[in-house]
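J.:
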Amino acid sequence: MNGVRAIMAAADTAARWHAEQRRKGVSQEPYVNHLLEVAHLISEATEGRDPDLVIAALLHDAIEDSGIAAEEIAARFGADVAALVVAVTDDKSLPKEERKRLQIVNTPKKAARVKLLKIADKTSNLRSMAASPPANWSDARRREYVQWARDVVAGARGGNPWLEATFDQAAALAEAAIPG
Ligand code: ZN
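Residue numbering for the sequence shown follows this note's numbering, starting at 2 and increasing by one per position.
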């Protein structure tokens, strides 16, 4: 499949797979906004040279949040895309704190392209938290989230200065938006 067609097929599929989901923030943005933001960051970071990585960005939460099987992603978008999505999928059988700890531990061992996905995902999450934090999150919880995102991204640096600087801006913005 040609790159543009495959990317649009993935965008359409992602919108359907996540149609019922909203972001956690007070403005309850459609979840697809997050997927498009991550894909946009990846397409900019790679200057349009890695269509599979853009597709993986669109589908990066499909296994974790929509229960889509890796095999289905592989059948529709190829083994490369499916492997990228699997590489950023947490093991949901583990408790949340353990999953968060494992992201910090495992990110440095990931492939370079997977690291870009991690940075783009955290950048989008921090921007959302700055613009529309979850209503029930305390200042301390927000501060903790920024620190955790920084700790994960610390293990993903060294491959893309532009994306890393974009993340740093988002982290500074998220921090500045905490009132306390
Ligand atoms: Zn995500």
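No residue lacks a Cβ here, since even glycine has one placed at the ideal position from N, Cα and C.
Computed from a prediction, not measured in an experiment: that's the story for all the values here.
Within 10 angstroms of its Cβ, does residue 15 collect 16 or more other Cβ (buried), or is it exposed?
T.: Within the sequence shown, the letter at position 14 stands for residue 15. Flag for residue 15 reads buried.
J.: Where in the region 25 to 78 do unbroken runs of the alpha helix (DSSP H), each at least 4 residues long, occur, reported from the N-terminal end onward?
T.: The region 25 to 78 contains these whole alpha helix (DSSP H) runs: 32 to 46, 52 to 59, 63 to 67, 71 to 78.
J.: Going by Cα to Cα distance, which pick from 104, 132, 118 is closest to residue 148?
T.: The residue given as residue 148 occupies position 147 in the sequence shown. Taking only the C-alpha atoms, the option nearest residue 148 is 104.
J.: Cα separation between residue 82 and residue 74?
T.: For the purposes of this step, residue 82 is taken as residue 81 along the sequence shown, with counting starting at 1. For the purposes of this step, residue 74 is taken as residue 73 along the sequence shown, with counting starting at 1. Whole-angstrom Cα-Cα distance: 7 Å.
J.: Between the C-alpha atoms of residue 157 and residue 150, what's the straight-line distance to the nearest angstrom?
T.: Locating residue 157 in the sequence shown gives position 156, counting from the first residue. Locating residue 150 in the sequence shown gives position 149, counting from the first residue. Straight-line Cα distance between these residues: approximately 11 Å.
J.: Reducing DSSP to helix, strand and coil, say where residue 144 ends up.
T.: For this step, residue 144 is matched to residue 143 along the sequence shown. Residue 144 falls in the helix class under three-state DSSP.
J.: Can you grab the Cα-Cα spacing for the pair residue 85 / residue 115, in whole Å?
T.: Mapped onto the sequence shown, residue 85 falls at position 84. Mapped onto the sequence shown, residue 115 falls at position 114. In a straight line, the C-alpha of residue 85 is about 6 Å away from that of residue 115.
J.: What do you get for residue 28, buried or exposed, if any count of 16 or more other CB atoms within 10 angstroms of its CB means buried?
T.: Here residue 28 is taken as the residue at index 27 of the sequence shown, counted from 1. The residue is exposed, with fewer than 16 neighbouring Cβ atoms inside 10 Å.
J.: What did DSSP end up calling residue 158 once you bin it into helix, strand or coil?
T.: Taking the first residue of the sequence shown as position 1, residue 158 is located at position 157. Residue 158: coil per DSSP, three-state reduction.
J.: Report yes or no: do the region 120 to 127 and the region 166 to 176 share at least 3 C-beta pairs separated by less than 8 Å?
T.: Yes: the two stretches touch, three or more of their Cβ pairs being nearer than 8 Å.
J.: The ligand ZN and residue 122: does the residue's C-beta get closer than 7 Å to at least one heavy atom of that ligand?
T.: As a first step, residue 122 must be located in the sequence shown, where it is residue number 121. Yes, the ligand ZN has a heavy atom inside 7 Å of this Cβ.
J.: Name the DSSP bridge partner or partners of residue 23?
T.: Counting from 1 along the sequence shown, the entry for residue 23 is found at position 22. The partner list for residue 23 (beta bridge, DSSP) reads 31.
J.: For residue 35, verify whether its CB is less than 7 Å away from any heavy atom of the ligand ZN.
T.: To locate residue 35, count along the sequence shown from 1; it is residue 34. Result yes, Cβ under 7 Å from the ligand ZN.
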